[in-house]
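Residues 1 to 95 in full-length UniProt numbering are what the sequence shown lists, from first letter to last. The beta-carbon is built from N, C-alpha and C at its ideal position, and this holds for glycine as well. Data first, discussion second: the structure below is written as structure tokens.
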Amino acid sequence: MNLFEPVHPGDFIREMYMEPFDISAVDLADRLHVSPSTLSRVINGKTDLSVEMALRLSKVLGRSPESWIAMQAQHSLAKSRKSIEKELETLVPLA
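Below, the structure is given as structure tokens:
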């Protein structure tokens, strides 16, 4: 059992930036030059963080684009691993 579940970048944005700085999704979307609905999908975990969004977040919120992409990759990997866990157990290594 894994005690650490990687966080979706949207949760991180909300908890570490939006709530502490009291910034709305509309205001942040405006700063990022994206539509509020686009940002909302990321913040609510409905869509994965794109490379383009990582570049925008890096400029507006800080952190490197690579760190945003790594956060998304870790979350996606954990989610996928969990969803096909039983099937992975049946796979036979080539070597």
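DSSP, read as helix, strand or coil, puts residue 95 in coil. Annotation for residue 65: 54, 55, 58 place their beta carbon closer than 6 Å to its own, counting only its chain and skipping 5 residues before and after. The beta carbon of residue 8 is closer than 7 Å to those of 45, 75 in its chain, skipping five residues each way along the sequence. Just so you know, the alpha carbons of residue 48 and residue 42 end up roughly 6 Å apart. Using a 10 angstroms sphere on the CB of residue 95, the tally of other CB atoms stays under 16, which defines it as exposed.
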